[in-house]
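Reviewing the structure listed below.
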């Protein structure tokens with residue numbers, strides 16, 4: 001397997017930066033999503049799975065370094081799964097139209113939540129950062145068992161988050177000028 | 190306090206791999222230990238680790254600030270909403286099993302955060318890059334870790350500029366969720382497309398500096414490593430493996 005080229009590395013760095021900076025825009029718009037995997041999905045579509053996995057893992061590590069909270073490192077596994085799913089979706093051409101990107105994003109949300117919910121439940125007792133835990137607490141207060149509350153909260157947030165992320169990546173790819181798009185062979189596949 | 194704090198403690202003088210191995214062992218150990226006493230002994234070990242590095246007070250303060258919201262949520266979710274039987278503490282009745290679980294989970298997060306804050310405060314990023322270079326780690330990996338952190342402030346600044354420019358052109362950030370979702374495009378597209386347009390320029394600049402070469406680089410000032418530190422790192426690995434073996438054995442039993 002060939003190592004990542006210099007160009008791939010620069011794109012991975014861009015993907016990591018997008019993952020970490022997009023939260024700033026989302027916070028300004030007060031949207032109830034994270035979109036912290038847009039960079040990973042973009043790199044998967046532009047370069048391929050290895051670069052996307054690298055972008056996902058580096059994002060998770062640098063996010064921990066910047067926030068100081070290293071407890072969430074086990075969630076790096078979710079980034080790997082997202083990278084693999086996004087690469088497969090890109091190969092199938094699902095990011096060419098919004099009509100296919102949104103269902104692909106919903107599928108990605110299902111897969112991501114299937115990974116994140118057990119991590120959240122078994123390692124952290126359902127308490128992770130942000131709004132997911134608030135949803136879990138509300139469901140628990142309404143009488144849902146903890147496992148059901150954690151899974152429901154994860155699925156609800158991940159489905160919305162990944163559907164928007166995939167739609168956003170599709171809009172980005174469609175907005176690329178032809179001269180720029182031609183520089184990414186993975187896009188042509 | 191999050192980041193490197195210069196100093197002359199034993200941890201500052203240690204090889205960065207040793208410091209990171211200690212923090213990594215706390216992380217892995219925290220998930221291997223399941224009893225409240227064992228987890229809180231690990232919190233004490235993390236505090237001792239920070240004390241050896243001379244950064245206990247600052248690390249502890251930051252660790253408490255970062256883990257406080259998690260503690261609150263843990264006590265609500267497991268203590269207040271946990272299963273019977275309950276213990277009455279003043280005006281509230283808490284789940285006994287839930288409180289025990291919250292103590293384990295909260296201790297776990299506190300130990301990990303404290304351990305890594307101490308490691309970040311005592312392991313110099315420059316020394317880490319030098320150590321990786323001396324070990325023959327490919328340029329790509331060191332480049333990714335070192336350069337992404339420098340790119341982030343620039344990208345954040347650009348995001349703010351785009352936000353302000355689009356607001357000047359009449360973009361509204363408020364309104365219904367759908368309206369706010371629509372505003373995402375005009376903000377994200379210029380940011381990412383602008384960054385993509387610079388990729389080739391950056392590749393050329395890095396190539397001109399010999400970044401694409403496969404030759405092994407020479408570290409200018411590699412940090413000192415010693416047999417004692419290498420033994421410590423291997424010992425930590427064995428201890429973590431033993432903790433997981435014990436955990437899985439007790440789970441099967």
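Residue numbers (my numbering), protein chains in the order written: chain A, 1 to 189; chain B, 190 to 442. Even for Gly, the Cβ is constructed at its ideal location relative to N, Cα and C. A quick note: this is a predicted structure, and the numbers were derived from the prediction, not measured.
Got a sec? Which residues, its chain only, sit under 7 Å from residue 32 of chain A by beta carbon, not counting five neighbours each side? Looking up residue 32 of chain A in the first chain gives position 32. These residues qualify, in order along the chain: 131.
What are the partner residues of residue 276 of chain B, as DSSP defines its beta bridges? Here residue 276 of chain B is taken as the residue at index 87 of the second chain, counted from 1. Bridge partners of residue 276 of chain B: B:283.
Any beta carbon from chain A within less than 8 Å of residue 378 of chain B's own beta carbon? On the second chain, residue 378 of chain B is found 189 positions in, with the first residue counted as 1. Answer yes: the Cβ-Cβ gap between residue 378 of chain B and chain A drops below 8 Å somewhere.
Could you have a look at residue 103 of chain A and say whether DSSP puts it in helix, strand or coil? As a working mapping, residue 103 of chain A is identified with position 103 in the first chain. Helix at residue 103 of chain A.
In chain B, which residues lie with their C-beta within 7 Å of the C-beta of residue 170 of chain A? By 1-based counting over the first chain, the position of residue 170 of chain A is 170. Listed along chain B, no residue sits closer than 7 Å to residue 170 of chain A by beta-carbon distance, the nearest being about 11 Å off.
Using the C-alpha atoms, what's the distance from residue 96 of chain A back to residue 385 of chain B? On the second chain, position 196 is the one that residue 385 of chain B refers to. On the first chain, position 96 is the one that residue 96 of chain A refers to. The straight-line gap from Cα to Cα measures roughly 18 Å.
Please decide whether residue 126 of chain A counts as near chain B, where near means a Cβ-Cβ distance under 8 Å. By 1-based counting over the first chain, the position of residue 126 of chain A is 126. For residue 126 of chain A, the answer is yes, since a Cβ of chain B falls inside 8 Å of its Cβ.
For chain A, check one thing: does any of its Cβ atoms lie closer than 8 Å to the Cβ of residue 439 of chain B? Along the second chain, read from residue 1 onward, the residue named residue 439 of chain B stands at position 250. Against chain A, the CB of residue 439 of chain B has no partner CB under 8 Å away; the residue lies outside that interface.
Would you call the segment 277-290 of chain B and the segment 141-154 of chain A touching, i.e. three or more CB-CB distances under 8 Å? The segment 277-290 of chain B vs the segment 141-154 of chain A: no contact.
Sort A:77, A:116, A:134 by Cα distance to residue 155 of chain A and report the nearest one. Taking the first chain and counting its residues from 1, one reaches residue 155 of chain A at position 155. Ranking the options by Cα distance to residue 155 of chain A, first place goes to A:116.
Would the beta-carbon of residue 308 of chain B fall within 8 Å of that of residue 208 of chain B? For the purposes of this step, residue 308 of chain B is taken as residue 119 along the second chain, with counting starting at 1. For the purposes of this step, residue 208 of chain B is taken as residue 19 along the second chain, with counting starting at 1. Yes, these two residues count as a Cβ contact at 8 Å.
Decide if residue 440 of chain B is buried, meaning its Cβ has at least 16 other Cβ atoms within 10 Å, or exposed. Residue 440 of chain B sits at position 251 when you count from the first residue of the second chain. It counts as exposed.
Distance between residue 186 of chain A and residue 46 of chain A (C-alpha atoms, nearest Å): Taking the first residue of the first chain as position 1, residue 46 of chain A is located at position 46. Taking the first residue of the first chain as position 1, residue 186 of chain A is located at position 186. Cα-Cα distance, rounded: 6 Å.
Going by C-alpha distance, which of B:376, B:346, B:191, B:348 is nearest residue 359 of chain B? On the second chain, residue 359 of chain B is found 170 positions in, with the first residue counted as 1. Looking at the Cα atoms, B:376 is the closest of the given residues.
Count the other CB atoms within 10 Å of the CB of residue 350 of chain B; is the residue buried (16 or more) or exposed (fewer)? Residue 350 of chain B sits at position 161 when you count from the first residue of the second chain. Result: exposed.
I need the straight-line Cα distance from residue 165 of chain A to residue 37 of chain A, nearest angstrom please. On the first chain, position 165 is the one that residue 165 of chain A refers to. On the first chain, position 37 is the one that residue 37 of chain A refers to. Going from the Cα of residue 165 of chain A to the Cα of residue 37 of chain A covers about 7 Å.
May I ask you to report which of helix, strand or coil DSSP gives residue 173 of chain A? Your numbering for residue 173 of chain A matches position 173 in the first chain. Here residue 173 of chain A sits in helix by DSSP.
If contact means a Cβ-Cβ distance below 7 Å, which residues of the segment 219-245 of chain B contact chain A? 220
Comparing alpha-carbon positions, which option in B:431, B:310, B:383 lies nearest residue 343 of chain B? As a position in the second chain, residue 343 of chain B is number 154, starting the count at 1. Measuring from the Cα of residue 343 of chain B, the nearest candidate turns out to be B:383.
Give me the residue from B:394, B:429, B:336, B:402 with the minimum Cα distance to residue 14 of chain A. As a working note, residue 14 of chain A is residue 14 in the first chain. When each option's Cα is compared against that of residue 14 of chain A, the closest is B:336.
Quick one, which of B:249, B:287, B:246, B:245 has its alpha-carbon nearest residue 262 of chain B's? What you label residue 262 of chain B is simply residue 73 of the second chain in a count that begins at 1. The shortest Cα separation from residue 262 of chain B among B:249, B:287, B:246, B:245 belongs to B:287.
I want to verify the contact list: residues of chain A whose CB lies under 9 Å from the CB of residue 317 of chain B, in sequence order. Within the second chain, numbered from 1, the residue matching residue 317 of chain B stands at position 128. Those within 9 Å of residue 317 of chain B in chain A number zero; the least Cβ separation is about 11 Å.
Could you tell me the distance, in whole angstroms, from the CA atom of residue 477 of chain B to the CA atom of residue 306 of chain B? Residue 477 of chain B lies beyond the range of chain B shown here (190 to 442); nothing can be said about it.
Pick helix, strand or coil for residue 204 of chain B, following the three-state DSSP scheme. Position 15 of the second chain, counting from 1, holds the residue named residue 204 of chain B. Residue 204 of chain B: coil per DSSP, three-state reduction.
Using a Cβ-Cβ cut-off of 8 Å (strictly less than) and excluding sequence neighbours within five positions of residue 331 of chain B, which residues of its own chain qualify? Within the second chain, the letter at position 142 stands for residue 331 of chain B. Only 318, 321, 322 meet the Cβ criterion.
Rounded separation between residue 224 of chain B and residue 78 of chain A - CA only: Here the question's residue 224 of chain B lines up with position 35 in the second chain. Here the question's residue 78 of chain A lines up with position 78 in the first chain. Distance between the alpha carbons of residue 224 of chain B and residue 78 of chain A: 27 Å.
The alpha helix (DSSP H) spanning residue 19 of chain A covers which residue range? Within the first chain, residue 19 of chain A is the residue found at index 19, counting from 1. Where residue 19 of chain A is concerned, the enclosing alpha helix (DSSP H) stretches over 6-28.
Put residue 34 of chain A into one of helix, strand or coil per three-state DSSP. For the purposes of this step, residue 34 of chain A is identified with residue 34 of the first chain, where counting begins at 1. Here residue 34 of chain A sits in coil by DSSP.
Assuming residue 255 of chain B contacts residue 69 of chain A (C-beta within less than 8 Å), just tell me the rounded distance between them. Here residue 255 of chain B corresponds to residue number 66 of the second chain, with the count starting at 1. Here residue 69 of chain A corresponds to residue number 69 of the first chain, with the count starting at 1. Rounded, the Cβ-Cβ distance is 5 Å, consistent with contact.
Should residue 94 of chain A and residue 101 of chain A be called a contact, given that it needs their Cβ atoms to be closer than 8 Å? Position 94 of the first chain holds residue 94 of chain A. Position 101 of the first chain holds residue 101 of chain A. Taking 8 Å as the Cβ cut-off, residue 94 of chain A and residue 101 of chain A qualify as a contacting pair.
contact_flag[the segment 219-239 of chain B, the segment 293-306 of chain B] where n(CB pairs < 8 Å) is 3 or more: The segment 219-239 of chain B is in contact with the segment 293-306 of chain B.
Does residue 128 of chain A pass the burial test, meaning 16 or more other C-beta atoms within 10 Å, or should it be called exposed? Taking the first residue of the first chain as 1, we reach residue 128 of chain A at position 128. It is buried - the Cβ of residue 128 of chain A has at least 16 other Cβ atoms within 10 Å.
I want to see whether chain B comes within less than 8 Å of residue 68 of chain A, judged by CB atoms only; does it? Translated into the one-based positions of the first chain, residue 68 of chain A becomes position 68. Cβ-Cβ to chain B under 8 Å: yes for residue 68 of chain A.
Rounded to the nearest angstrom, what separates residue 10 of chain A and residue 438 of chain B at their Cα positions? Taking the first chain and counting its residues from 1, the one referred to as residue 10 of chain A is at position 10. Taking the second chain and counting its residues from 1, the one referred to as residue 438 of chain B is at position 249. In this structure, the alpha-carbon of residue 10 of chain A lies about 45 Å from that of residue 438 of chain B.
Is the Cβ-Cβ distance between residue 7 of chain A and residue 388 of chain B less than 8 Å? In the first chain, residue 7 of chain A corresponds to position 7, counting from 1. In the second chain, residue 388 of chain B corresponds to position 199, counting from 1. Contact: yes.
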